[in-house]
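Input: a single structure, listed below in structure tokens.
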Amino acid sequence: MWLLYFLFWAAVRANEEPLYKIIGDKVVLTPDSVENPIYDIMWMYGNDIAMEWYQNGDKTLSYLQFKDRGSLNISTGVMTITGLTLDDSGIYTAEINNEVNSQTELLVISPVPKPSISVSCKKTYCVYTCDGITTDAEPVTYWWTADEKRWPSTKELKITKEDKEQWFSCELENPVSSNSSEKVINLFKKELLYGKLGDKAVLTPDSVENPIYRIVWKHGPNIAMQWWHEETSSYRQFKDRGSLDISTGVMTITGLTRDDIGIYTVEINNRVPSKTLLLVISPVPKPTLYISCDPEMTYCVLTCSGSTTDAEPVTYWWTAGKKRWTSTNQLKITKEEKKMWFRCELENPVSSHSSEKFFNPFISDLTWIYILIAAFVVILVGCIFIIYLKRKYITGLVVRTKQAMEVMLSDFQNTFNQDPASVVTHSTSNDLKPQWEFAGKRGRWHDFREKTDPPNKCSVTINDIESWYQEKPHDKMPFTVNGDSYELDFNKMIQTQVKDNSQYSIRRELVPLHAHV
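Each residue of the sequence shown is one higher than the one before, counting from 107 in my numbering.
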């Protein structure tokens with residue numbers, strides 16, 4: 107009998123609407139009419155007892171999550187739950203005096219977010235998409251508003267050149283909340299002008315017949331600027347930021363703010379030649395790509411995230427390799443997708459910005475990565491080897507050059523700081539005696555071996571020359587001998603070879619300074 111009664115109540119309640127509550131709110135579960143006296147109360151949460159009270163025990167018992175957040179009114183049978191969470195959703199059944207009294211389906215859901223509108227256009231139509239994350243907020247109804255008209259629809263709205271509405275907005279609504287997007291203008295309206303926040307806008311009237319004797323620009327119903335009787339007047343925010351060209355009727359607004367949004371009407375010579383709708387929007391931010399995949403990794407959803415508040419209308423572009431297309435802010439990819447990477451781009455009429463590349467999580471073949479790593483290692487090893495050889499060569503050259511300098515400069519010092527008769531080598535062989543020659547600035551050659559007026563005085567010492575070479579090996583070193591100017595070119599320096607401890611051989615000449623052996 108009890109089972110039949112329960113099934114009866116279940117059938118009745120099946121036709122009733124669920125009770126929706128927002129996360130964090132409270133719910134009051136009220137049984138149907140109750141006959142007093144009440145001697146026992148039991149509230150079931152699904153198949154589990156949530157709360158109960160018996161007159162005999164005169165004590166209220168709470169279970170599960172209801173221990174801290176549940177309360178029971180024993181005179182009415184009403185159960186109250188505070189701080190609602192998603193886990194509180196379910197079927198609640200009241201049993202009063204051992205009889206099933208009522209059954210309530212409670213659904214705890216999130217509030218809907220503020221939606222944004224993304225736009226994707228072809229030549230003949232545009233698709234406006236109402237974007238907003240509705241996870242845990244279902245059921246959601248999409249509403250569209252155009253001018254003063256409002257109607258329910260899907261998340262997408264298709265408009266064509268025939269649609270005459272000035273603007274559109276969308277609204278997300280669920281049983282516990284609603285939220286609307288910013289207005290987005292009909293992109294097929296030719297008189298639409300977008301301006302970037304902080305930038306300037308140039309409002310141009312249609313063709314004007316000269317001479318012009320009066321100009322009036324209105325922002326909505328109010329006069330913004332006017333020129334009449336050779337005097338220009340500005341009002342409100344246009345006093346400091348507005349200018350008027352009286353020869354063309356063009357009005358310029360600088361430092362655009364959101365207060366400048368609206369319809370601008372120009373009257374020239376008491377006629378209304380044109381209207382312009384000015385929308386001041388922010389530039390789009392640099393987007394970030396986020397990924398969420400199903401547990402089985404059969405698909406992933408890439409979400410192009412970026413705050414587009416005050417930046418609508420925004421178009422989402424996706425790039426994969428060389429392919430680029432418009433879409434919504436989400437892209438679903440599967441295991442069959444072979445593109446190596448993806449990138450999204452936010453674009454509005456005044457700006458665009460792209461995300462960083464996001465590599466395909468389904469690409470398990472990392473051969474290309476290994477190839478890149480191998481190529482990098484080869485290049486790195488090659489560079490290290492070249493640096494090693496270069497340093498070894500330079501080190502050897504410096505050592506050999508230093509040996510040559512020690513030999514050459516020893517004779518150099520003897521030649522120019524002592525009597526010519528004392529110039530000797532470490533060898534007894536006459537053909538190894540050095541003969542030093544210098545090229546002067548005037549191109550003259552001096553054979554100092556034959557010079558008979560001692561002593562020859564040089565302006566530099568061996569230490570000076572060696573220090574110069576260590577600091578500036580590629581620069582010519584200036585010096586003087588007996589007042590005449592010369593240059594020592596280290597780039598022509600010749601390597602020397604020690605044949606034994608007493609003989610030296612200079613293999614190449616040093617120009618303009620060189621030694622003959």
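Ideal Cβ positions, reconstructed from N, Cα and C, are used throughout, including at glycine.
None of the values given here were measured: they were computed from a predicted structure.
Tell me whether the beta-carbon of LEU178 lies closer than 8 angstroms to the beta-carbon of MET150. On the sequence shown, position 72 is the one that residue 178 refers to. On the sequence shown, position 44 is the one that residue 150 refers to. Contact flag unset, no.
Close Cβ partners of ILE180 (< 6 angstroms) along its chain, the five nearest in sequence each way excluded: Locating residue 180 in the sequence shown gives position 74, where the first residue counts as 1. So the qualifying residues of the chain are TRP159.
VAL214 to LEU170 span [Cα, whole Å]: Residue numbering aside, residue 214 sits at position 108 when the sequence shown is read from its first letter. Residue numbering aside, residue 170 sits at position 64 when the sequence shown is read from its first letter. The straight-line gap from Cα to Cα measures roughly 17 angstroms.
Quick one: residues in its chain with C-beta nearer than 6 angstroms to the C-beta of ILE439, no 5 flanking neighbours on either side, listed in chain order? By 1-based counting over the sequence shown, the position of residue 439 is 333. CYS406, listed in sequence order.
Taking just the CA atoms, how far does PHE464 sit from GLY412? Position 306 of the sequence shown, counting from 1, holds the residue named residue 412. Position 358 of the sequence shown, counting from 1, holds the residue named residue 464. Approximately 15 angstroms between the Cα atoms of the pair.
Determine the DSSP secondary structure at LYS345, reduced to helix, strand or coil. On the sequence shown, residue 345 is found 239 positions in, with the first residue counted as 1. LYS345: helix per DSSP, three-state reduction.
Let me know if TRP108 comes out buried or exposed under the rule of 16 or more other beta-carbons within 10 Å of its beta-carbon. Locating residue 108 in the sequence shown gives position 2, counting from the first residue. Confidence in TRP108 is poor, its pLDDT being 42 and thus under 50, which makes the residue's placement unreliable; the coordinate value appears in the next sentence. Exposed, by the Cβ-count rule.
Please state whether the Cβ-Cβ distance between TYR234 and VAL225 is less than 8 angstroms. Counted from its first residue, the sequence shown places residue 234 at position 128. Counted from its first residue, the sequence shown places residue 225 at position 119. Cβ distance < 8 angstroms, so TYR234 and VAL225 count as in contact.
Sequence ranges, beta strand (DSSP E) only - wholly within the stretch 429-469, length at least 3: 429-433, 436-440, 447-454, 457-460
Where does LYS173 sit, in a helix, a strand or coil, going by DSSP? Residue numbering aside, residue 173 sits at position 67 when the sequence shown is read from its first letter. Here LYS173 sits in helix by DSSP.
Within 10 Å of its beta-carbon, does ARG449 have 16 or more other beta-carbons around it, so buried, or fewer, so exposed? Translated into positions along the sequence shown, residue 449 becomes position 343. Buried, by the Cβ-count rule.
Just list the residues that DSSP pairs PHE274 with in beta bridges. The residue you call residue 274 lines up with position 168 of the sequence shown. PHE274 pairs with ALA252, VAL290.
Answer yes or no: the CB of TYR248 versus the heavy atoms of the ligand MN, is any distance below 7 angstroms? Looking for the ligand MN in the displayed structure turns up nothing, as the structure carries no ligands at all.
When DSSP labels each residue in this structure, what does GLN576 get in the three-state scheme? Looking up residue 576 in the sequence shown gives position 470. If DSSP states are grouped into helix, strand and coil, GLN576 belongs with the helices.
Using CA coordinates, which residue listed in THR136, THR199, ARG342, ASN204 is at the minimum distance from GLY326? Within the sequence shown, the letter at position 220 stands for residue 326. Looking at the Cα atoms, ARG342 is the closest of the given residues.
Nearest-angstrom Cα separation, counted from VAL356 out to GLU337: Residue mapping note: residue 337 aligns to position 231 of the sequence shown, counting from 1. Residue mapping note: residue 356 aligns to position 250 of the sequence shown, counting from 1. Distance between the alpha carbons of GLU337 and VAL356: 16 angstroms.
What's the gap between the Cα of GLY368 and the Cα of SER275? Your numbering for residue 368 matches position 262 in the sequence shown. Your numbering for residue 275 matches position 169 in the sequence shown. Taking the straight line from one Cα to the other gives about 16 angstroms.
Determine whether the beta carbon atoms of ILE202 and GLY152 lie at a separation below 8 angstroms. In the sequence shown, residue 202 corresponds to position 96, counting from 1. In the sequence shown, residue 152 corresponds to position 46, counting from 1. Not a contact, by the Cβ cut-off of 8 angstroms.
Does DSSP classify ALA307 as helix, strand or coil? Along the sequence shown, one-based indexing puts residue 307 at 201. In the structure shown, ALA307 sits in a strand (DSSP, three-state: E or B).
Simplified DSSP assignment, three categories, for ASP351: For this step, residue 351 is matched to residue 245 along the sequence shown. Three-state DSSP puts ASP351 in coil, outside helix and strand.
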